[in-house]
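Single-structure report; data block below.
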Amino acid sequence: MQLPETQVAVLEAASAEDPRTVESLADEIGEKPETVTRAAFELEDEGLVEVLETTDEHVSLTDEARTYLDDGLPEVRLYRAAVEAGADDAPVQMGQVIGASGLEGGAVDIALSNFARKGYGEIASGEITASPAAGPDDDPEAAALAALDAGESADGSVLDQLERRELIERSESTVRSVQLTDEGVTALMEGVEAAQEVGQLTSEMLTSGAWRDAEFSEYNVAADAETIDGGKDHPLRAMAERVKDVLVGMGFEEMEGPHADAEFWINDCLFMPQDHPARTHWDQFALEVPPMRDLPDDVRERVETAHREGVGADGEGYHSPWGEEMARQIDLRGHTTSLSARHLAGVAKGDLEPPQRFFSIEKAYRNDEIDSTHLLEFFQIEGWVMAEDLSVRDLMGTFTEFYEQFGITDLRFKPTYNPYTEPSFELFGEHPVTGEVVEIGNSGIFRPEMLEPLDVDCDVMAWGLALERLMMLVTGAEDIRDVHGTLVDLEYLREEEVRY
Ligand SMILES: N[C@@H](Cc1ccccc1)C(=O)O
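Going left to right, the sequence shown walks through residues 178 to 677 as our numbering numbers them.
Listed below in C-alpha cells is the structure:
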C-alpha cells in the first residue's frame, strides 16, 4: 500500500494497544502537531487508525491567588488578627483588628465577606467576634490552592468556589490520541511505503512543469482546522446599518454634525432654559476648550428672545435668564437632537422646505450611572419629519412602521415631558426574554417656542431612540454591557453571525 510520507510515519509510530497522543507522535516523528492531526484524520478516513478525543481540564491560579499562597487568604489573616486581639473572648473594635491584620484596600472587603461566609465569626456594629470553633488552619480553599500549586488536584465543589472568587481559571482542551485499527495492523504487516505526494502547488512547479507528474494529496474537508477570526462589523455597527437601511427605505436622509458642539445647538435651540437641571455638568460632559466662535447672529438673537420673553402673541415661556457665554460653551452632545437643531436652523443644509425627513445614528454622551441599561456613551437614532399639519397619529404610525421591520409589534406609548416638544411621548417595548417593559425612545412634536426662533413655520415631529435598547429587544441581550463596551465577551464578537 502506498501512502503519503507523514501518514506512513504516523502509522508506523502508532500502536494497536496504547492510544498515543498527537503531541507524542509529533515529537517522535519530528512533525508539527497540526500535520500529525491532519495525517491522523486521513488515516482514520481510510480505516487504518482511530482518532480518540478526550477533554483535559486545566486549572491555573490567578495572580490574586498567588499572593494568597504567600500571605494567606485575607479572611484567614483577619481571623488570626481577631483571635490575637482577643475577639474569641469578647467583641473587638473592627478598625483595631483590620489595622493589626495588615489588610489594605480591596482586601479588607474580601476578608470581611469571606469571614462571614465561612462562619469565622460575626461582625456587628463595628465590632468583630471570632468563633473559637472555626478552624482556619484547615481552610479547604487554602488547602486547595496549595494543592493546585503543587500540581495536585482538588475537590470539585471547592474548585467551584475558588472560581467564583476568581482565584482560579479553568480551561478545557481536546486531547487527540491515535490507535491502530485491525486494518491498520494488517496494512503495516503487508507493508506500506511512502508515496511522494505534494501537499501544496508552488510557482516553481508551475514554471518547471513538474506539476504534470506530481501526485497531489487530497483535501479532507472534514478535518479539524484552526479557527481563523476574520475582521467583521461589530454586531452593534451591523444593527446600525440595518436601521439605516430601514430609514432610508422610509425616505429619510442622513444628518451629520459634530460630537462636541456648542450648548447653543445642544440645548438653547431646544428651548431648554439655561438653569435646566439636565444642563448641569453632572449630566453632560463639558470640555475645557475655547468657546464656539460662529453662531449665526439672527438665530442667536431670536433664540435669546424666546428664552427671555417667550414666543407668540402672549409671550408664553420660561422668561429665564440667558447668557451668551453658556451658549458658546462646548460639550460632548448629550443627545443628537443638536443635529436636528442645526438642520432646522438652516445652517447645515440651507433653508429647508417641507416635506423633509432626516435621521442620524450617532453617539451621544451622558454622565449616567452605568448599569445593565445605561452606558456613558450610546447610539441615538435621531429623526424628524417636517410637514404641514402633523399629528400624534403620524408619529405613532411612523414608529409602528419602523419597529415592525425589527419584529417589534407591541409598542407602548406614555406621555412625558420635554422642554422642546408638546405633546411628548416615551416609547416602550417588551423584552423578549425577561418580559420587562423597556424604554426604547423619547419623542414628540417640536414646540413653536423651538421652531419659531429657528424660522420654521410648519410642523416637525421628532424622536431620539436608543440603538442599544433596540438591539437588546432584537437579540434578547439582558445587559447592554454584553453587547457594547469594554466588557463584551470577545467570543461573542467572534462568533456572532455575520449579516449581509
Ligand atoms: N433628545 C431626546 C429625544 C427626543 C428628540 C426629539 C424630540 C423628542 C425627544 C432624548 O435624548 O431623549
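We put the CB at the ideal spot given by N, CA and C, even for glycine.
Residue i (DSSP reduced to helix, strand or coil)
{"i": "N291", "result": "helix"}
{"i": "A277", "result": "helix"}
{"i": "K540", "result": "strand"}
{"i": "R510", "result": "coil"}
{"i": "H411", "result": "coil"}
{"i": "P181", "result": "strand"}
{"i": "M432", "result": "coil"}
{"i": "Q119", "result": "Nothing can be reported for residue 119: it is not among the residues displayed for the chain, which extend from 178 to 677."}
{"i": "W499", "result": "coil"}
{"i": "E381", "result": "helix"}
{"i": "T611", "result": "coil"}
{"i": "M469", "result": "coil"}
{"i": "Q678", "result": "No statement about residue 678 is possible, as the shown extent of the chain runs from 178 to 677 and does not include it."}
{"i": "S330", "result": "coil"}
{"i": "F462", "result": "coil"}
Straight-line Cα distance separating residue j from residue i
{"i": "D143", "j": "T457", "result": "Because the chain here runs from 178 to 677, residue 143 falls outside it and cannot be looked at."}
{"i": "L464", "j": "I443", "result": "14 Å"}
{"i": "E395", "j": "T183", "result": "14 Å"}
{"i": "D248", "j": "E219", "result": "53 Å"}
{"i": "S278", "j": "I585", "result": "57 Å"}
{"i": "Y677", "j": "D233", "result": "A caution first: Y677 carries a pLDDT of 47, below 50, which makes its placement in the model unreliable, though a value can still be read off. For Y677 and D233, the distance between alpha carbons rounds to 38 Å."}
{"i": "H562", "j": "I345", "result": "Looking at the sequence shown, residue 562 is not His but Val. The straight-line gap from Cα to Cα measures roughly 56 Å."}
{"i": "A242", "j": "A203", "result": "35 Å"}
{"i": "T244", "j": "R519", "result": "57 Å"}
{"i": "E607", "j": "I547", "result": "21 Å"}
{"i": "G408", "j": "R658", "result": "21 Å"}
{"i": "E434", "j": "G426", "result": "Note that residue 434 is Gly in the sequence shown here, rather than Glu. Distance between the alpha carbons of G434 and G426: 22 Å."}
{"i": "E616", "j": "E502", "result": "35 Å"}
{"i": "A364", "j": "E374", "result": "19 Å"}
{"i": "C446", "j": "T611", "result": "39 Å"}
{"i": "V398", "j": "M366", "result": "30 Å"}
{"i": "V665", "j": "D656", "result": "10 Å"}
{"i": "D332", "j": "A321", "result": "7 Å"}
Nearest residue (CA-CA) to residue i, options the options
{"i": "D508", "options": "K591, F441, E261, V488", "result": "F441"}
{"i": "R570", "options": "P600, E205, L552, D587", "result": "P600"}
{"i": "R254", "options": "P313, D634, P596", "result": "P313"}
{"i": "L180", "options": "A399, E200, E370, G283", "result": "E370"}
{"i": "V274", "options": "A284, G283, E304", "result": "E304"}
{"i": "L424", "options": "Y580, N595, D656", "result": "Y580"}
{"i": "G511", "options": "D332, A186, A439", "result": "A439"}
{"i": "P532", "options": "Q451, G428, A525", "result": "G428"}
Beta bridge counterpart(s) of residue i as assigned by DSSP
{"i": "T598", "result": "N595, F623"}
{"i": "D545", "result": "Answer is none; D545 lacks a bridge partner."}
{"i": "T457", "result": "DSSP, once it has assigned bridges, lists no residue as partnering T457."}
{"i": "R658", "result": "None, per the DSSP bridge assignment."}
{"i": "T351", "result": "T232"}
{"i": "A307", "result": "G298"}
{"i": "I345", "result": "L238"}
{"i": "R135", "result": "This structure does not reach residue 135, given that the chain is present from 178 up to 677, and the question cannot be answered."}
{"i": "E616", "result": "F605"}
{"i": "M638", "result": "V562, I622"}
{"i": "E227", "result": "Q356"}
{"i": "T198", "result": "S354"}
{"i": "Q557", "result": "E539, A643"}
Status (buried if at least 16 other CB within 10 Å, exposed otherwise) for residue i
{"i": "R341", "result": "exposed"}
{"i": "A618", "result": "Sequence check: residue 618 is Gly here, not Ala. Its Cβ being crowded by 16 or more others within 10 Å, G618 is buried."}
{"i": "H484", "result": "buried"}
{"i": "R671", "result": "exposed"}
{"i": "A327", "result": "exposed"}
{"i": "T663", "result": "exposed"}
{"i": "L188", "result": "buried"}
{"i": "S385", "result": "exposed"}
{"i": "H235", "result": "exposed"}
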